[in-house]
Amino acid sequence: MGRYVARRLLQMIPVFIGSTLLIFSMMYALPGDPVAALYGEKKPDPAQIAAIKHQLGMDLPLWHQYWNYLTGLFQGDFGTQIATQRPVAEVIEQAFPVTIRLTLFAFVFTVVVGVLLGMVSGLFADKAFDRIVLIFTLLLISIPSFVLGYLFQYLFAFQLDWLTPTVQDSRDIGQLMLPAIVLAALSLAYVTRLTRTSVAENLRADYIRTAIAKGLPRRRVVGVHLLRNSLIPVVTFLGTDIGALMAGAVVTEGIFNVHGVGNTIFEALNRREGSTVVGIATLIVIVYLVASLLVDLLYAVLDPRIRYD
Amino acid sequence: MRGAKTMQWSALAAAVALAATACGGSDGDGGSAAGKPAGYVSMFNGEPQHPLMPSNTNEKFGGYVIDALFTGLVGYDAKGGLTNMNAESVDTKDNKTWTVKLKKGWTFHDGTDVTAESYVKAWNWMANVKNKQANSYWFGDIKGYEDVHPEKGDPKKDEMSGLKVVDDQTFTIELSEPVPYFEYKLGYKTFTPLPESFYKDPKGFGQKPVGNGPYEFQKWTHNKLIQVKAVDSYKGSNKAKNKGIQFKNYSKLESAYQDALSGNLDLVDGVGPKDLPKRKADFGDRALDVPYAGTQSIVPAFYSKPFKDVDPKVIQGLSMAIDRKTITKTVLQGTRIPSKGFTPPQVKGYQKLDTDVLSYNPKKAKQYIEDGGGIPGNKIWIQYNADGGHKEWVTAVCNSITKATGVKCVGDSKPDFQTDLEARQADKVKGTYRGGWLADYPLNINFMQDLYKTGASTNYGRFSDKKVDELFTKGDHADSLDASVEDYQAAEKELLKKMPAIPLWDYAANIVHGENIDGVKVGFDGNVLITDITVK
Chain A
1 MGRYVARRLL QMIPVFIGST LLIFSMMYAL PGDPVAALYG EKKPDPAQIA
51 AIKHQLGMDL PLWHQYWNYL TGLFQGDFGT QIATQRPVAE VIEQAFPVTI
101 RLTLFAFVFT VVVGVLLGMV SGLFADKAFD RIVLIFTLLL ISIPSFVLGY
151 LFQYLFAFQL DWLTPTVQDS RDIGQLMLPA IVLAALSLAY VTRLTRTSVA
201 ENLRADYIRT AIAKGLPRRR VVGVHLLRNS LIPVVTFLGT DIGALMAGAV
251 VTEGIFNVHG VGNTIFEALN RREGSTVVGI ATLIVIVYLV ASLLVDLLYA
301 VLDPRIRYD
Chain S
1001 MRGAKTMQWS ALAAAVALAA TACGGSDGDG GSAAGKPAGY VSMFNGEPQH
1051 PLMPSNTNEK FGGYVIDALF TGLVGYDAKG GLTNMNAESV DTKDNKTWTV
1101 KLKKGWTFHD GTDVTAESYV KAWNWMANVK NKQANSYWFG DIKGYEDVHP
1151 EKGDPKKDEM SGLKVVDDQT FTIELSEPVP YFEYKLGYKT FTPLPESFYK
1201 DPKGFGQKPV GNGPYEFQKW THNKLIQVKA VDSYKGSNKA KNKGIQFKNY
1251 SKLESAYQDA LSGNLDLVDG VGPKDLPKRK ADFGDRALDV PYAGTQSIVP
1301 AFYSKPFKDV DPKVIQGLSM AIDRKTITKT VLQGTRIPSK GFTPPQVKGY
1351 QKLDTDVLSY NPKKAKQYIE DGGGIPGNKI WIQYNADGGH KEWVTAVCNS
1401 ITKATGVKCV GDSKPDFQTD LEARQADKVK GTYRGGWLAD YPLNINFMQD
1451 LYKTGASTNY GRFSDKKVDE LFTKGDHADS LDASVEDYQA AEKELLKKMP
1501 AIPLWDYAAN IVHGENIDGV KVGFDGNVLI TDITVK
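In the order they appear, the protein sequences are chains A and S.
Here the first sequence is numbered in the working numbering, starting from 1 and rising by one per residue.
Here the second sequence is numbered in the working numbering, starting from 1001 and rising by one per residue.
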């Protein structure tokens, strides 16, 4: 098991290098010169552009730039932003905590509500409750997040007056509730559907029949035998979803004015701040890698037949 | 089963570790905006793109803060006239040597005096190529600029020979050649003084600037807000009528609008397309549309296929084919005002042109294009950046042209402004491009010289005309400011015949503000005059 984890961790290295190289070259290939853009519509100054590029090492060939970036990264240096002249590490340090709070909130909400809804509707498949949940989840899947965002803003801030329309303090969990729920809505629907299908199917499985025949209490049958086995597809989905929740929140973050990773990467992309984009994307890649490792480890917890030796 | 147990624990441990790192990092963002002190005004803004340096700020978000913190020698009044700010007087006899006398008793926010030296030393630093300031070209008129800012290589000197300190309150500026309107340029935000403390740590200064303006810097929480406090002892005429300003960072106009609507924000100086139709219903007379000195136009690229060696009559025809009135009213929701010339009315030197080239007349448009020999291929393109909300009006303008004249017109969308600009700089515009110009200083010259002079820096259409150049040159060598403005007025009439661009409309600032503030006025540059805002 220890060896398995070590092997997986080692495998991350080529994935990490490959993905950063890919993103780095993509940023390099994008049209539009970020240094010339410093001058807006006004006349760019060739001498200064050359000086700034030289200072940031942007006049080197691509491979050399990438090498410098990578060696810097291993020394904890994420580079410097071109326009603001702030270290990228500082920019990331500001954006990530907000996003992590938002993601954790959304994630917990997805898991708790999604699994609960899915389990109940699976247990009572094709009953009235199941039908209602089906309609509800289909609705969530089909509504774009910005519609839901503005709708929530209208309902909870203007009609009910419970909250401010945007997040004033990103450390206040209560204020993050609205964006987190909007963010979680789509995943919630998927988790509910997955759990429901899986539970309904496993309900007919032999081992459940055996468990019931053994005379185990219903609580134990559902809670341990059924749920544990039904969660495998859900965990798979959640593992990949956590990355999407973190980086894909551009729209939701915009509506609620949360300055998280999604917005930061979007803005950096617009301003062609290569080092910022690559830095954030790298961290998201790491989150993905770690999450998928955790998912694989969780398989063994959920299903005793799976072992890593 | 035992294997599964250990697995459980390690998975749990890993999950806890992940969560723990998540929590550990959570102090980094500085958290809340922590409410607003009494008497302060909170307004929409964004993260400044550069450190807060007068000589490195050329965009709106940073510009607001710089204008709050620094006061230069001169300023402009509502009609585009000049007023003295920190300067007691700015005099010249030959438009070449300018003598500046400072008002006495002005101080920086750190308590040190504002002296002639504070200006001269700062300008020398700002102009120096080594310091890589985006606005350094503004000092290009001053004698000795090439020494500190050569086109290539290191500077030869640290000081421009044209700047001389006479005494504590007086200094002279010698230009390399006479510029009759130089005093107007002095009102631009880069011509500010810097305190002595700046030179110890220029980089730190950009995060925590010390100015001499109506407001004093308080704090900058990146991506959240910038807060400035009114200075009680400020001596200028634009002393703040409120206690301070909170510039709050919003990534979207729409969310700021919602905050203003619910009373969490006092002022938003822009309205997103989604809210434009309902702004009057939501805010009543607290939704303002104030015209300012900014124009939008379609600029033909005179090297492109459709416009190479074109007869100006054809461009006049295209201009007459655009129904400006209807488009500004419908598609643009009344946020723009149809142009009446190459300069907007808010600048000195604006004149009423006796012309029908800028009014809609489909019949004449068609006739003009035919008379002028038509357009090769009978098709034109309008290049624009897709990230600026231009698509709608470009489509409307194209429809208007095609309907009136039969000339095919297509929008040529570039993904963002950088790509758009790159195509312009590399002479790769297919037909025309969307031109926008905001006044640097409220003078008609500013709307012509940089745009239409042969070889001018932002003349991306590569327009070149002898007569126009002659008139510009005459204006640049005029004896006085008024004579210079008049020469440029003559040039504007000539431009109407040569059509280096098709003026479309002038900008208006769309402002919505809350019930508890008053006195919201807009300057020539479209920025709200924040010092005039009063809190009820």
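Cβ coordinates follow ideal geometry from the N, Cα and C atoms, glycine included.
Burial state of residue i (16 or more Cβ within 10 Å)
{"i": "His1222 (chain S)", "result": "buried"}
{"i": "Asn1135 (chain S)", "result": "buried"}
{"i": "Met27 (chain A)", "result": "buried"}
{"i": "Ala29 (chain A)", "result": "exposed"}
{"i": "Lys1104 (chain S)", "result": "exposed"}
{"i": "Pro165 (chain A)", "result": "buried"}
{"i": "Glu1183 (chain S)", "result": "buried"}
{"i": "Ile1380 (chain S)", "result": "buried"}
{"i": "Thr282 (chain A)", "result": "buried"}
{"i": "Val98 (chain A)", "result": "buried"}
{"i": "Lys1121 (chain S)", "result": "buried"}
{"i": "Arg193 (chain A)", "result": "buried"}
Within-8 Å CB hit, residue i to chain S
{"i": "Gly254 (chain A)", "result": "yes"}
{"i": "Asp33 (chain A)", "result": "yes"}
{"i": "Arg272 (chain A)", "result": "yes"}
{"i": "Asn263 (chain A)", "result": "yes"}
{"i": "Phe152 (chain A)", "result": "no"}
Contacts of residue i in chain A (Cβ-Cβ under 7 Å)
{"i": "Thr1092 (chain S)", "result": "Ordered by position in chain A, no residue passes the 7 Å Cβ test against Thr1092 (chain S), which lies about 26 Å from the chain."}
{"i": "His1050 (chain S)", "result": "Ala83, Thr84"}
{"i": "Ser1262 (chain S)", "result": "Ala157, Phe158, Thr164, Pro165"}
Contacts that residue i makes with chain S (C-beta to C-beta distance below 7 Å)
{"i": "Asp206 (chain A)", "result": "Correct list: empty, because the minimum Cβ distance to chain S is about 20 Å."}
{"i": "Leu38 (chain A)", "result": "Ala1134"}
{"i": "Thr166 (chain A)", "result": "Ser1255, Gln1258, Asp1259"}
{"i": "Gln314 (chain A)", "result": "No answer is possible for residue 314 (chain A): the residues shown for chain A start at 1 and end at 309."}
C-alpha gap between residue i and residue j, whole angstroms
{"i": "Thr1057 (chain S)", "j": "Gln1049 (chain S)", "result": "8 Å"}
{"i": "Ala1022 (chain S)", "j": "Arg101 (chain A)", "result": "At Ala1022 (chain S) the pLDDT is 41, less than 50, meaning the model places this residue with poor confidence and gives no usable figure here."}
{"i": "Glu1047 (chain S)", "j": "Val1268 (chain S)", "result": "15 Å"}
{"i": "Asp1450 (chain S)", "j": "Thr1458 (chain S)", "result": "6 Å"}
{"i": "Ile1066 (chain S)", "j": "Trp1437 (chain S)", "result": "21 Å"}
{"i": "Val1148 (chain S)", "j": "Lys1156 (chain S)", "result": "6 Å"}
{"i": "Val111 (chain A)", "j": "Arg8 (chain A)", "result": "26 Å"}
{"i": "Val295 (chain A)", "j": "Gly239 (chain A)", "result": "6 Å"}
{"i": "Gly1389 (chain S)", "j": "Val1331 (chain S)", "result": "11 Å"}
{"i": "Gly1111 (chain S)", "j": "Ser1233 (chain S)", "result": "11 Å"}
{"i": "Gln1489 (chain S)", "j": "Leu1052 (chain S)", "result": "37 Å"}
{"i": "Val1228 (chain S)", "j": "Val35 (chain A)", "result": "29 Å"}
{"i": "Trp67 (chain A)", "j": "Gln11 (chain A)", "result": "20 Å"}
{"i": "Trp1123 (chain S)", "j": "Gln1316 (chain S)", "result": "44 Å"}
{"i": "Gln94 (chain A)", "j": "Thr1115 (chain S)", "result": "39 Å"}
Residue-chain proximity (residue i, chain A), Cβ-Cβ < 8 Å
{"i": "Ala1134 (chain S)", "result": "yes"}
{"i": "Gln1008 (chain S)", "result": "Any reading at Gln1008 (chain S) must be qualified, since the residue scores a pLDDT of 45, below 50, and its modelled position is unreliable; no value is offered."}
{"i": "His1222 (chain S)", "result": "yes"}
{"i": "Leu1018 (chain S)", "result": "With a pLDDT of 44 at Leu1018 (chain S), under the threshold of 50, the modelled position of this residue cannot be trusted; read the value that follows with caution. For Leu1018 (chain S), the answer is yes, since a Cβ of chain A falls inside 8 Å of its Cβ."}
{"i": "Asn1446 (chain S)", "result": "no"}
{"i": "Met1001 (chain S)", "result": "For Met1001 (chain S), the pLDDT reaches just 39, beneath the cut-off of 50, and the residue's location in the model is therefore unreliable, although a value from the coordinates is still provided. With 8 Å as the cut-off, Met1001 (chain S) counts as an interface residue toward chain A."}
Contact list for residue i against chain S, beta-carbon separation under 8 Å
{"i": "Thr80 (chain A)", "result": "None at all; the shortest Cβ gap to chain S is about 11 Å."}
{"i": "Leu10 (chain A)", "result": "Per Cβ cutoff of 8 Å: no residues; Leu10 (chain A) is ~17 Å from chain S at best."}
N-terminal and C-terminal residue of the alpha helix (DSSP H) that residue i is part of
{"i": "Asn323 (chain A)", "result": "Examination of residue 323 (chain A) is not possible in this model, given that chain A is present from 1 through 309 alone."}
{"i": "Gly1411 (chain S)", "result": "It is not in any alpha helix (DSSP H) - Gly1411 (chain S) instead sits in the beta strand (DSSP E) that spans 1408-1414."}
{"i": "Tyr39 (chain A)", "result": "Element bounds for Tyr39 (chain A): n/a, residue is neither H nor E."}
{"i": "Met1043 (chain S)", "result": "Run containing Met1043 (chain S): none in the alpha helix (DSSP H); it sits in the beta strand (DSSP E), 1040-1045."}
{"i": "Lys1364 (chain S)", "result": "1362-1371"}
{"i": "Ser1297 (chain S)", "result": "Looking at the DSSP string, Ser1297 (chain S) is not in any alpha helix (DSSP H); the run it does join, the beta strand (DSSP E), is 1287-1300."}
Contact list for residue i against chain S, beta-carbon separation under 9 Å
{"i": "Lys42 (chain A)", "result": "Asn1058, Ala1134, Asn1135, Tyr1137, Asp1440, Asp1450, Ser1457, Thr1458"}
{"i": "Pro233 (chain A)", "result": "What Pro233 (chain A) touches in chain S: nothing, since even the nearest Cβ is about 18 Å away."}
{"i": "Ile52 (chain A)", "result": "Lys1132"}
Chain-ordered neighbours of residue i on chain B, where CB pairs are closer than 8 Å
{"i": "Lys1252 (chain S)", "result": "Chain labels in this structure do not include chain B; the protein chains are A and S."}
Range covered by the beta strand (DSSP E) that runs through residue i
{"i": "Leu1052 (chain S)", "result": "Note, Leu1052 (chain S): premise wrong, no beta strand (DSSP E); not H, not E."}
{"i": "Tyr1433 (chain S)", "result": "1432-1438"}
Partner residues on chain A for residue i, Cβ-Cβ distance less than 8 Å
{"i": "Leu1421 (chain S)", "result": "Gly32, Ala36, Ala37, Glu41"}
{"i": "Asp1387 (chain S)", "result": "Asn270"}
Neighbouring residues, chain A, relative to residue i (Cβ below 9 Å)
{"i": "Gln947 (chain S)", "result": "Only positions 1001 to 1536 of chain S appear in the structure, and residue 947 (chain S) is not among them; the question remains open."}
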